[in-house]
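J.: Number 263 in numbering that gives the first Met the number 0 belongs to position 264 of the sequence shown; there are no gaps in the numbering. Even for Gly, the Cβ is constructed at its ideal location relative to N, Cα and C.
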Amino acid sequence: MYSQVEQSSEESIAVATSPNPSRTTPHILIVGGGYVGMYTALRLQRRLRSNEATITVVDPQSFMTYQPFLPEVAAGHLEARHVVVPLRRVLPKARVLNGRVVSVDHAHHVATVRPASGPATEISYDYLVMAPGSVSRTLPIPGLAEHGIGFKNIAEAIHLRNHVLGRLDAAASTDDEAVRRRALTFVFVGGGFAGVEALAELEDMARGALKYHPELGPQDMRWVLVEASDRILPEVGDRMGRYTVEELRRRGIDVRLNTRLTSAVDRRIVLDDGTEFEAGTLVWTAGVKPNPLNRSTDLPLDRQGRIVATEYLTVEGADDAFVAGDCGAVPDLTRPGEYCAPNAQHAVRQAKRLADNIVATLRGKERKAYRHSYAGSVASLGLYRGVAHVYGVKLRGFAAWFMHRTYHLSRVPTVNRKVRVVADWTLALFFRRETVALGGIERPRAEFELASGQDRAA
Ligand SMILES: Cc1cc2nc3c(=O)[nH]c(=O)nc-3n(C[C@H](O)[C@H](O)[C@H](O)COP(=O)(O)OP(=O)(O)OC[C@H]3O[C@@H](n4cnc5c(N)ncnc54)[C@H](O)[C@@H]3O)c2cc1C
Numbered sequence: 000m001y002s003q004v005e006q007s008s009e010e011s012i013a014v015a016t017s018p019n020p021s022r023t024t025p026h027i028l029i030v031g032g033g034y035v036g037m038y039t040a041l042r043l044q045r046r047l048r049s050n051e052a053t054i055t056v057v058d059p060q061s062f063m064t065y066q067p068f069l070p071e072v073a074a075g076h077l078e079a080r081h082v083v084v085p086l087r088r089v090l091p092k093a094r095v096l097n098g099r100v101v102s103v104d105h106a107h108h109v110a111t112v113r114p115a116s117g118p119a120t121e122i123s124y125d126y127l128v129m130a131p132g133s134v135s136r137t138l139p140i141p142g143l144a145e146h147g148i149g150f151k152n153i154a155e156a157i158h159l160r161n162h163v164l165g166r167l168d169a170a171a172s173t174d175d176e177a178v179r180r181r182a183l184t185f186v187f188v189g190g191g192f193a194g195v196e197a198l199a200e201l202e203d204m205a206r207g208a209l210k211y212h213p214e215l216g217p218q219d220m221r222w223v224l225v226e227a228s229d230r231i232l233p234e235v236g237d238r239m240g241r242y243t244v245e246e247l248r249r250r251g252i253d254v255r256l257n258t259r260l261t262s263a264v265d266r267r268i269v270l271d272d273g274t275e276f277e278a279g280t281l282v283w284t285a286g287v288k289p290n291p292l293n294r295s296t297d298l299p300l301d302r303q304g305r306i307v308a309t310e311y312l313t314v315e316g317a318d319d320a321f322v323a324g325d326c327g328a329v330p331d332l333t334r335p336g337e338y339c340a341p342n343a344q345h346a347v348r349q350a351k352r353l354a355d356n357i358v359a360t361l362r363g364k365e366r367k368a369y370r371h372s373y374a375g376s377v378a379s380l381g382l383y384r385g386v387a388h389v390y391g392v393k394l395r396g397f398a399a400w401f402m403h404r405t406y407h408l409s410r411v412p413t414v415n416r417k418v419r420v421v422a423d424w425t426l427a428l429f430f431r432r433e434t435v436a437l438g439g440i441e442r443p444r445a446e447f448e449l450a451s452g453q454d455r456a457a
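(1) Do Val-56 and Leu-77 have their C-beta atoms closer together than 9 Å?
(2) For Lys-92, list the residues DSSP reports as bridge partners.
(3) Would you call His-107 buried or exposed, if buried means 16 or more other Cβ atoms sit within 10 Å of its Cβ?
(4) Can Arg-46 and Ala-354 be called in contact, C-beta distance under 9 Å?
(5) How about Phe-429: is its Cβ closer than 8 Å to a heavy atom in ligand 1?
(6) Nearest to Arg-88 by CA position, among Val-329, Arg-99, Met-129, Leu-41, is which residue?
(7) What's the C-alpha gap between Phe-397 and Leu-143?
(8) Using a 10 Å radius around the Cβ and a threshold of 16 neighbouring Cβ atoms, would you call Glu-200 buried or exposed?
(9) Thr-360 by DSSP, collapsed to three states: which one?
(10) To the nearest whole angstrom, what separates the beta carbons of Leu-260 and Ile-140, a pair I think is in contact under 8 Å?
(11) Would you call Thr-64 buried or exposed, if buried means 16 or more other Cβ atoms sit within 10 Å of its Cβ?
(12) List the endpoints of the continuous beta strand (DSSP E) containing His-403.
(13) Residues in the same chain with beta-carbon distance under 7 Å from Asn-290, minus the five sequence neighbours each way, listed in chain order, please.
(14) Assign Lys-364 to buried or exposed, taking buried as 16 or more other Cβ atoms, counted over all protein chains shown, within 10 Å of its Cβ.
(15) With a Cβ-Cβ cutoff of 9 Å, do His-81 and Asp-423 count as a contact?
(16) Kindly examine ligand 2 and report whether one of its heavy atoms sits closer than 8 Å to the Cβ of Val-89.
(17) Which of the three DSSP states, helix, strand or coil, is assigned to Ala-450?
(18) Under 9 Å, do Arg-160 and Met-204 count as touching if we go by C-beta distance?
(19) Tyr-34 by DSSP, collapsed to three states: which one?
(20) Determine the burial state of Tyr-390: buried for a count of at least 16 other Cβ atoms within 10 Å of its Cβ, exposed for fewer.
(21) Are the CB atoms of Trp-283 and Gly-251 nearer to each other than 9 Å?
(22) For ligand 1, I want to know if Asn-161 counts as a neighbour, meaning its beta carbon is within less than 8 Å of at least one of the ligand's heavy atoms.
(23) By DSSP, does Ser-49 sit in helix, in strand, or in coil?
(24) Exposed or buried, Val-72, counting other C-beta atoms within 10 Å across all chains shown (16 or more means buried)?
(25) Could you tell me which residues DSSP pairs with Ser-123 in its beta bridges?
(26) Among Gly-98, Arg-206, Arg-302, which one has its Cα closest to the Cα of Gly-381?
(27) Bridge partners for His-388 per DSSP, in chain order?
(28) With distance defined between alpha-carbon atoms, name the residue in Ala-328, Gly-385, Ala-110, Ala-323 nearest to Leu-300.
(29) CA-CA distance, Asn-152 and Leu-449?
(30) For Ser-376, which option in His-345, Ala-169, Leu-426, Asp-272 has the closest C-alpha, if you only look at C-alpha atoms?
(31) Under 9 Å between the Cβ atoms of Arg-366 and Tyr-311?
(32) Would you tell me roughly how many angstroms separate the C-alpha atoms of Ala-170 and Leu-183, rounded to the nearest one?
(33) Going by CA-CA distance only, name the one from Gly-236, Thr-137, His-105, Ala-156 that's closest to Val-188.
(34) Does the separation of the CB atoms of Thr-53 and His-162 fall below 9 Å?
(35) Can you tell me whether DSSP reads Ser-295 as helix, strand or coil?
(36) I'd like to confirm something about Asn-257: is its beta-carbon nearer than 8 Å to some heavy atom of ligand 1, or not?
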């Protein structure tokens, strides 16, 4: 299916002539196997007959991540493997390639893929689906790139869990007051969903873990939420946003509105309200921007770098290219002149419409426009606490938390994942959650290197 061709640079390029070299069967290339990519492929494989099209999904990861559950993974309520969906298992009729698409030349219907190892590959296609999502939107703040971490993927959630628990262990094992204070200071920048939920869940977990650290008390920990605007969680509305601020402050969390981070050099946090302190943890959750891959394509972009979509989820000016999710500017027909927000609620629904429009195109039928009124949002603020604003109904506390869990359980893809998630939650009812730091997993050779070094010294 792929052939190696000569190339002037050091690397050779394999050219895929599409799964069917005779080109009698159209080839659909899906860039990204997240919400949009996976749901589009699932629907296409269900609706298309085997001779109607072949499907290839390209993603650096071999799984789709259910991102709304990342805070619960960080907090230890859910096992990391239970919130990801293995693409090869759920897409038996598609080809899954693990690699990063580095450019798309739509004029020639060719995408270049860089696999985890081996030479770059060119893949030709008949229909393109752009779904590489978004990346953290960072700012050139001194020290941020060196000491900050985002909260967008499973690796970051696992790391933060181990890191926070590791900081408690470190603080409990030292008599140096400055070291202890720094270890127990956790700063989150950005008061959107990801930041608020991650902070609330991790603080809740750390508070629970203090039971096993008699040297430490809740008053030793300092959790700070820094938000540049005058409110947090805009998705749940003003009133629920204010309630969330009060709830977090009641728990002793230092919520600073209208405040910006100006420096994090050497882990010394400097805020523009004049405050300075040292922190062992800096989590950056101040929004997302479209995947920079968009700029390596010849597709039309708006000023924010999003691929311009029509209401039929085709790319403007290209009837055989489709786009949806965080990487696209999709018109919101329920709010004329505005665009759909980058969230899972839209991504899932857009994926279904997008897949149906591809099927319609293949069968020479009419495409339909994407239209969805935003239903509202739910957020968890730690065990048994939450906030929600759904279909005009505002909820808080246990009711909102319960709604958060039931809603996301209904949404998490595949029956297999749902059962695993329920099993995790059920276990947690009977046993305390595990609060052991397994940070060593990130440096598995450390002990061996030490042993080898000692041996050499001997
Ligand atoms: C912590 C967190 C909590 C959230 N909670 C909620 C919530 O409660 N409700 C809600 O509605 N939304 C929530 N969201 C937002 C929601 O998850 C996103 O809007 C949604 O994932 C967007 O779907 P997508 O398919 O566009 O992108 P993604 O699901 O991010 O998928 C993009 C895929 O593209 C792949 N990719 C990236 N670059 C390339 C490349 N160069 N080549 C090939 N593949 C590539 C990525 O690996 C990824 O698999 C949350 C997000 C986060 C981070």
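T.: Once the coordinates are examined:
(1) One-based indexing of the sequence shown puts residue 56 at position 57. One-based indexing of the sequence shown puts residue 77 at position 78. Not in contact: Val-56 and Leu-77 (Cβ atoms no closer than 9 Å).
(2) The count along the sequence shown starts at 1 and reaches residue 92 at position 93. Per DSSP, Lys-92 has no beta-bridge partner at all.
(3) For the purposes of this step, residue 107 is taken as the residue at position 108 of the sequence shown. With fewer than 16 neighbouring CB atoms inside 10 Å of its own CB, His-107 falls in the exposed class.
(4) On the sequence shown, residue 46 is found 47 positions in, with the first residue counted as 1. On the sequence shown, residue 354 is found 355 positions in, with the first residue counted as 1. It is a contact, given that the beta carbons lie within the stated cut-off.
(5) As a working mapping, residue 429 is identified with position 430 in the sequence shown. Taking non-hydrogen atoms of ligand 1 into account, the C-beta of Phe-429 is found less than 8 Å away from none of them.
(6) Residue mapping note: residue 88 aligns to position 89 of the sequence shown, counting from 1. Ranked by Cα distance from Arg-88, the options Val-329, Arg-99, Met-129, Leu-41 are led by Leu-41.
(7) One-based indexing of the sequence shown puts residue 397 at position 398. One-based indexing of the sequence shown puts residue 143 at position 144. Spanning the two alpha carbons is a distance of roughly 36 Å.
(8) Your numbering for residue 200 matches position 201 in the sequence shown. It counts as buried.
(9) In the sequence shown, the residue the question calls residue 360 occupies position 361. Thr-360 falls in the helix class under three-state DSSP.
(10) Against the sequence shown, residue 260 aligns to sequence position 261. Against the sequence shown, residue 140 aligns to sequence position 141. Yes, Leu-260 and Ile-140 are in contact; Cβ-Cβ is about 6 Å, under 8 Å.
(11) Here residue 64 is taken as the residue at index 65 of the sequence shown, counted from 1. By the 10 Å Cβ count, Thr-64 comes out buried.
(12) Position 404 of the sequence shown holds residue 403. Element bounds for His-403: not the beta strand (DSSP E) but the alpha helix (DSSP H), 397-410.
(13) Locating residue 290 in the sequence shown gives position 291, counting from the first residue. Short of 7 Å from the beta carbon of Asn-290, and not among the five residues preceding or following it, lie these beta carbons of its own chain, in chain order: Pro-131, Gly-132, Ser-133, Val-134, Cys-326.
(14) Numbered from its first residue, the sequence shown carries residue 364 at position 365. By the neighbour-count rule (16 or more Cβ atoms within 10 Å), Lys-364 is not buried but exposed.
(15) As a first step, residue 81 is located in the sequence shown; it is residue number 82 there, counting from the start. As a first step, residue 423 is located in the sequence shown; it is residue number 424 there, counting from the start. Closer than 9 Å, so yes.
(16) What this structure holds is ligand 1, not ligand 2.
(17) Numbered from its first residue, the sequence shown carries residue 450 at position 451. In this structure, Ala-450 counts as helix in the three-state DSSP scheme.
(18) Here residue 160 is taken as the residue at index 161 of the sequence shown, counted from 1. Here residue 204 is taken as the residue at index 205 of the sequence shown, counted from 1. In contact: Arg-160 and Met-204 (Cβ atoms closer than 9 Å).
(19) Here residue 34 refers to the residue found at position 35 of the sequence shown. Here Tyr-34 sits in helix by DSSP.
(20) Counting from one through the sequence shown, the residue named residue 390 turns up at place 391. By the 10 Å Cβ count, Tyr-390 comes out exposed.
(21) Here residue 283 is taken as the residue at index 284 of the sequence shown, counted from 1. Here residue 251 is taken as the residue at index 252 of the sequence shown, counted from 1. No, Cβ-Cβ distance for Trp-283 and Gly-251 is not below 9 Å.
(22) Position 162 of the sequence shown, counted from the start, is the residue given in the question as residue 161. Judged by the Cβ position, Asn-161 fails to qualify as a neighbour of ligand 1 at the 8 Å threshold, every heavy atom of the ligand being at least this far.
(23) Translated into positions along the sequence shown, residue 49 becomes position 50. Correct three-state label for Ser-49: coil.
(24) For the purposes of this step, residue 72 is identified with residue 73 of the sequence shown, where counting begins at 1. The residue in question, Val-72, is buried, as its Cβ has 16 or more Cβ neighbours within 10 Å.
(25) Along the sequence shown, one-based indexing puts residue 123 at 124. Paired residues: Val-109.
(26) For the purposes of this step, residue 381 is taken as residue 382 along the sequence shown, with counting starting at 1. If we check each option's Cα against that of Gly-381, Arg-206 comes out closest.
(27) For the purposes of this step, residue 388 is taken as residue 389 along the sequence shown, with counting starting at 1. His-388 pairs with Ser-376, Lys-393.
(28) Working through the sequence shown from its first residue, we reach residue 300 at position 301. It is Ala-328 whose Cα lies nearest to the Cα of Leu-300.
(29) As a position in the sequence shown, residue 152 is number 153, starting the count at 1. As a position in the sequence shown, residue 449 is number 450, starting the count at 1. Straight-line Cα distance between these residues: approximately 31 Å.
(30) The residue given as residue 376 occupies position 377 in the sequence shown. Closest option to Ser-376, Cα to Cα, is His-345.
(31) Working through the sequence shown from its first residue, we reach residue 366 at position 367. Working through the sequence shown from its first residue, we reach residue 311 at position 312. Yes, they are a contact pair.
(32) On the sequence shown, position 171 is the one that residue 170 refers to. On the sequence shown, position 184 is the one that residue 183 refers to. Straight-line Cα distance between these residues: approximately 7 Å.
(33) By 1-based counting over the sequence shown, the position of residue 188 is 189. The shortest C-alpha separation from Val-188 is found at Thr-137.
(34) As a working mapping, residue 53 is identified with position 54 in the sequence shown. As a working mapping, residue 162 is identified with position 163 in the sequence shown. No, the Cβ-Cβ distance between Thr-53 and His-162 is not below 9 Å.
(35) Numbered from 1 along the sequence shown, position 296 holds the residue referred to as residue 295. Helix at Ser-295.
(36) For the purposes of this step, residue 257 is taken as residue 258 along the sequence shown, with counting starting at 1. Not so, every heavy atom of ligand 1 lies at least 8 Å from the Cβ.
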